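Numbering (the working numbering), first residue to last: 17 to 573. Don't be surprised by glycine CBs; every beta carbon is placed ideally from N, CA and C. Small disclaimer: the values here were computed from a predicted structure and weren't measured.
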Amino acid sequence: MELIDWIILVSTLLLIVVYGTIKTRGAKSSLDYIKAGNQAKWWTIGLSVMATQASAITFLSTPGQAFHDGMGFIQFYFGVPLAIIIVCVVFIPIYHKLKVYTAYEYLEKRFDLKTRTLTALLFLIQRSLSAGITIFAPAIILSSVLGWDLTTLNIILGLLVIIYTVSGGTKAVNYTQKFQMGIIFVGLLICLVVIINLLPENISFRNAIDIAGANSKLEILNFSFDLENRYTIWSGLIGGTFLMMSYFGTDQSQVQRYLSGKSLKEMQLGMIFNGILKIPMQFFILFIGVMVFVFYQFNSSPINFNPQSINTINNSTYEKDYKNLQNELNIIFNEKQNHISNLLISKNDNVTNNRLSELELKEKKLRLEAKNLIALASEEKNIKVETNDKDYVFITFILENLPKGLIGLLLAVILSAAMSSTSSEINALATTTAIDIYKRNKKNVTDDQLVKSTKFFTFLWGIIAIGIACVAYLADNLIQLVNIIGSIFYGNVLGIFLIAFFFKFIKSNAVFFAAIITQIIIIYGWYNDWMPFLWLNLFGCIVVITISSLLQLAQKN
Numbered sequence: 017m018e019l020i021d022w023i024i025l026v027s028t029l030l031l032i033v034v035y036g037t038i039k040t041r042g043a044k045s046s047l048d049y050i051k052a053g054n055q056a057k058w059w060t061i062g063l064s065v066m067a068t069q070a071s072a073i074t075f076l077s078t079p080g081q082a083f084h085d086g087m088g089f090i091q092f093y094f095g096v097p098l099a100i101i102i103v104c105v106v107f108i109p110i111y112h113k114l115k116v117y118t119a120y121e122y123l124e125k126r127f128d129l130k131t132r133t134l135t136a137l138l139f140l141i142q143r144s145l146s147a148g149i150t151i152f153a154p155a156i157i158l159s160s161v162l163g164w165d166l167t168t169l170n171i172i173l174g175l176l177v178i179i180y181t182v183s184g185g186t187k188a189v190n191y192t193q194k195f196q197m198g199i200i201f202v203g204l205l206i207c208l209v210v211i212i213n214l215l216p217e218n219i220s221f222r223n224a225i226d227i228a229g230a231n232s233k234l235e236i237l238n239f240s241f242d243l244e245n246r247y248t249i250w251s252g253l254i255g256g257t258f259l260m261m262s263y264f265g266t267d268q269s270q271v272q273r274y275l276s277g278k279s280l281k282e283m284q285l286g287m288i289f290n291g292i293l294k295i296p297m298q299f300f301i302l303f304i305g306v307m308v309f310v311f312y313q314f315n316s317s318p319i320n321f322n323p324q325s326i327n328t329i330n331n332s333t334y335e336k337d338y339k340n341l342q343n344e345l346n347i348i349f350n351e352k353q354n355h356i357s358n359l360l361i362s363k364n365d366n367v368t369n370n371r372l373s374e375l376e377l378k379e380k381k382l383r384l385e386a387k388n389l390i391a392l393a394s395e396e397k398n399i400k401v402e403t404n405d406k407d408y409v410f411i412t413f414i415l416e417n418l419p420k421g422l423i424g425l426l427l428a429v430i431l432s433a434a435m436s437s438t439s440s441e442i443n444a445l446a447t448t449t450a451i452d453i454y455k456r457n458k459k460n461v462t463d464d465q466l467v468k469s470t471k472f473f474t475f476l477w478g479i480i481a482i483g484i485a486c487v488a489y490l491a492d493n494l495i496q497l498v499n500i501i502g503s504i505f506y507g508n509v510l511g512i513f514l515i516a517f518f519f520k521f522i523k524s525n526a527v528f529f530a531a532i533i534t535q536i537i538i539i540y541g542w543y544n545d546w547m548p549f550l551w552l553n554l555f556g557c558i559v560v561i562t563i564s565s566l567l568q569l570a571q572k573n
């Protein structure tokens with residue numbers, strides 16, 4: 017990185033912190049601090065919800081997902097529109113009518129204190145893990161690629177977020193997230209333009225699309241009923257709907273964004289705004305990954321993008337085999353060049369298209385063999401190394417190919433995204449702790465005490481998130497890891513809320529014990545790989561409703 021990159025990166029991050037702190041330092045009451053005074057407009061709500069979702073993981077991991085597997089991951093988001101409609105029609109009117117600060121307050125009104133507390137605790141466990149990963153994700157990638165100290169990065173990122181979130185609460189989160197989303201949109205648009213301009217002069221945008229299509233990178237829909245496939249239109253529409261319904265309707269990090277709205281209409285419009293933009297935004301990010309793939313059809317790529325993997329394989333028993341795989345990849349690269357030239361001359365040449373698809377499959381096989389060698393080398397050296405390189409593709413491309421200044425801007429996009437998500441998470445964790453645990457179980461809490469305690473819990477959860485980030489281990493592709501953690505808890509929590517809304521005959525004891533049993537079943541099922549993680553959302557929801565119904569009927573009898 018050059019001096020100009022450092023100036024842009026540091027200036028952007030400091031501007032976010034200063035802006036958020038100055039604009040919101042006047043938040044005095046709990047209404048101001050926790051619900052932003054109920055003054056948020058619909059576009060603020062929509063952008064804040066998007067920024068909460070669009071963590072650094074989105075921008076680091078999603079392009080790499082598209083580079084390796086194409087656009088099919090977009091199916092994961094097909095459940096968003098339906099989930100948004102249900103949340104706007106069912107969840108938001110109830111929360112608004114009761115004037116709750118957290119989603120879990122409603123559960124005590126419908127059931128009892130223990131059910132409210134249990135659900136709040138499930139949220140605190142799930143979201144604290146996610147908050148740690150949200151900090152850890154960019155830190156592990158940047159430390160690996162740039163050589164920065166991982167622990168130092170975790171601490172710096174966490175402290176920057178803590179400063180303005182403690183200072184201004186929800187209003188600070190909302191203000192900064194609008195600014196952060198502006199940086200993100202501009203950065204991504206510039207990045208796509210630069211990638212296209214980096215392609216050879218004789219390659220038009222249309223040619224790039226043809227090349228991506230010939231390599232099976234533009235296949236969006238998968239109608240397979242095979243449960244082994246993580247991403248199909250069915251898992252997206254069914255499992256994705258239940259995941260997103262739980263996320264938008266019961267996760268306090270999202271609920272708190274729209275509870276700050278000026279009116280019921282503003283809350284609903286904000287969520288609809290998010291629902292309209294979410295799929296196009298994810299499509300755009302995936303498409304950037306596809307264009308990075310096209311770029312590497314004209315520029316040789318490493319067989320694995322993770323620098324730590326390469327360091328691990330060097331001076332190991334498997335170094336020679338690894339280099340042989342890299343040589344085979346280079347041969348495939350050269351052969352692809354010839355077929356791409358033919359493709360550009362005769363666009364509808366099925367023979368050429370089929371051969372490119374075959375070569376792409378061979379390339380995937382070589383990359384898989386390379387991962388296996390890296391795993392063996394890491395065992396030989398007794399060190400932990402992530403063999404999955406999807407999270408390193410985009411950052412490697414940025415650092416090796418983008419011009420000076422733009423590198424700093426794209427890193428600012430990644431880190432500001434990390435800050436936006438983390439701020440929402442620790443803000444929601446603090447609110448849930450203060451409202452559902454502290455205030456509910458301590459008598460005669462004044463408004464001033466509530467604000468001070470919420471600030472303290474914000475600081476505390478920020479430190480806990482930093483601690484989780486410092487001990488975390490990258491066990492999966494980042495974008496999948498966060499959604500896996502959510503899916504383990506979301507189905508159960510959503511089921512509790514659906515029972516509260518629609519199953520009036522089920523009482524508190526039945527749902528409380530059913531939720532505990534269901535959570536144990538889901539964790540066991542996930543650990544034993546019963547089904548792709550998206551289906552856990554539907555499974556958990558059905559199980560808790562079924563067990564609750566049976567327990568209630570048994571109790572009556």
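What first and last residue would you give for the alpha helix (DSSP H) that runs through Leu375? Along the sequence shown, read from residue 1 onward, the residue named residue 375 stands at position 359. Note, Leu375: alpha helix (DSSP H), 366-397.
Identify which residue in Gln91, Ala531, Gln571 has its Cα closest to the Cα of Ser593. The structure shown does not extend to residue 593, since the chain spans only 17 to 573, so no value can be given for it.
DSSP state of Gly277, grouped into three classes? Taking the first residue of the sequence shown as position 1, residue 277 is located at position 261. If DSSP states are grouped into helix, strand and coil, Gly277 belongs with the strands.
Contact belief for Asn190 with Ala70 at Cβ below 8 Å, rounded distance in angstroms: Residue 190 sits at position 174 when you count from the first residue of the sequence shown. Residue 70 sits at position 54 when you count from the first residue of the sequence shown. Actually they do not touch by this definition, with Cβ atoms about 15 Å apart.
Am I right that Thr133 and Ile512 are in contact with their C-beta atoms under 8 Å? What's the rounded C-beta distance? Taking the sequence shown and counting its residues from 1, the one referred to as residue 133 is at position 117. Taking the sequence shown and counting its residues from 1, the one referred to as residue 512 is at position 496. Actually they do not touch by this definition, with Cβ atoms about 12 Å apart.
I'd like to know whether the C-beta atoms of Val560 and Gly502 end up nearer to each other than 9 Å. Sequence index remark: in the sequence shown, residue 560 carries index 544 (1-based). Sequence index remark: in the sequence shown, residue 502 carries index 486 (1-based). At a Cβ-Cβ threshold of 9 Å, Val560 and Gly502 do not count as neighbours.
Return helix, strand or coil for Ala56, following the three-state DSSP convention. Mapped onto the sequence shown, residue 56 falls at position 40. If DSSP states are grouped into helix, strand and coil, Ala56 belongs with the strands.
Could you tell me which of Ile304, Cys104, Ile480, Ile533 sits nearest to Ile414, measuring between CA atoms? What you label residue 414 is simply residue 398 of the sequence shown in a count that begins at 1. Cα-wise, what sits closest to Ile414 is Ile304.
Secondary structure at Gln272, three-state DSSP: helix, strand or coil? On the sequence shown, position 256 is the one that residue 272 refers to. Gln272: helix per DSSP, three-state reduction.
Got a sec, what are the start and stop residues for the alpha helix (DSSP H) Val202 sits in? In the sequence shown, the residue the question calls residue 202 occupies position 186. Counting along the chain, the alpha helix (DSSP H) containing Val202 begins and ends at 166-214.
From this set, Ile453, Phe314, Thr562, which residue's C-alpha is nearest Phe529's C-alpha? Sequence index remark: in the sequence shown, residue 529 carries index 513 (1-based). Of the listed residues, the one whose Cα sits closest to Phe529 is Thr562.
For Ile319, does the three-state DSSP call read helix, strand or coil? Locating residue 319 in the sequence shown gives position 303, where the first residue counts as 1. Coil.
Can the beta-carbon of Ser436 be found closer than 9 Å to that of Gln196? Position 420 of the sequence shown holds residue 436. Position 180 of the sequence shown holds residue 196. The answer is yes: Cβ separation under 9 Å.
Just the Cα atoms here: how many angstroms apart are Val182 and Val106? The count along the sequence shown starts at 1 and reaches residue 182 at position 166. The count along the sequence shown starts at 1 and reaches residue 106 at position 90. Looking at the two C-alpha atoms, the distance is approximately 32 Å.
I need the boundaries of the alpha helix (DSSP H) containing Glu351, first residue and last residue. Here the question's residue 351 lines up with position 335 in the sequence shown. Looking at the DSSP string, the run of the alpha helix (DSSP H) that includes Glu351 is 335-361.
CB-CB under 8 Å to Ile515, same chain, minus the five flanking residues each way: which ones, in chain order? One-based indexing of the sequence shown puts residue 515 at position 499. Here the set comprises Ile522, Val527, Val560, Ile561, Ser564.
Could you spell out where the alpha helix (DSSP H) holding Cys486 opens and where it closes? Within the sequence shown, numbered from 1, the residue matching residue 486 stands at position 470. From DSSP, the alpha helix (DSSP H) with Cys486 extends over 463-487.
Would you mind stating whether Ala119 and Gly265 have Cβ atoms separated by less than 9 Å? Counted from its first residue, the sequence shown places residue 119 at position 103. Counted from its first residue, the sequence shown places residue 265 at position 249. It is a contact, given that the beta carbons lie within the stated cut-off.
Indicate whether Ala67 and Ser524 have their beta-carbon atoms separated by less than 9 Å. By one-based count along the sequence shown, residue 67 stands at place 51. By one-based count along the sequence shown, residue 524 stands at place 508. For the 9 Å CB-CB criterion, Ala67 and Ser524 do not form a contact.
I need the straight-line Cα distance from Lys458 to Ile329, nearest angstrom please. Indexing the sequence shown from 1 puts residue 458 at position 442. Indexing the sequence shown from 1 puts residue 329 at position 313. Approximately 57 Å between the Cα atoms of the pair.
Pairwise C-alpha distance: Pro216 and Ser316: To locate residue 316, count along the sequence shown from 1; it is residue 300. To locate residue 216, count along the sequence shown from 1; it is residue 200. Looking at the two C-alpha atoms, the distance is approximately 14 Å.
What three-state label does DSSP hand Phe518 in the structure shown? On the sequence shown, position 502 is the one that residue 518 refers to. Helix.
Candidates Glu124, Phe349, Met547, Ile479, of which the one nearest Ile151 by Cα: Reading the sequence shown from its first residue, position 135 is the one you call residue 151. The shortest Cα separation from Ile151 among Glu124, Phe349, Met547, Ile479 belongs to Ile479.
Beta carbon of Gln353, beta carbon of Ile50: below 9 Å? Within the sequence shown, the letter at position 337 stands for residue 353. Within the sequence shown, the letter at position 34 stands for residue 50. Result no, Cβ atoms of Gln353 and Ile50 do not sit closer than 9 Å.
From Lys406 to Ala393, what distance separates their C-alpha atoms? As a working note, residue 406 is residue 390 in the sequence shown. As a working note, residue 393 is residue 377 in the sequence shown. One C-alpha to the other measures close to 19 Å.
When the distance is taken between beta carbons, is Pro154 closer than 9 Å to Leu575? Any question about residue 575 goes unanswered here, given that the chain covers just 17 to 573.
Going by Cα to Cα distance, which pick from Leu129, Ile100, Tyr35, Pro97 is closest to Lys455? Here residue 455 corresponds to residue number 439 of the sequence shown, with the count starting at 1. It is Leu129 whose Cα lies nearest to the Cα of Lys455.
When DSSP labels each residue in this structure, what does Thr412 get in the three-state scheme? As a first step, residue 412 must be located in the sequence shown, where it is residue number 396. Three-state DSSP puts Thr412 in a helix.
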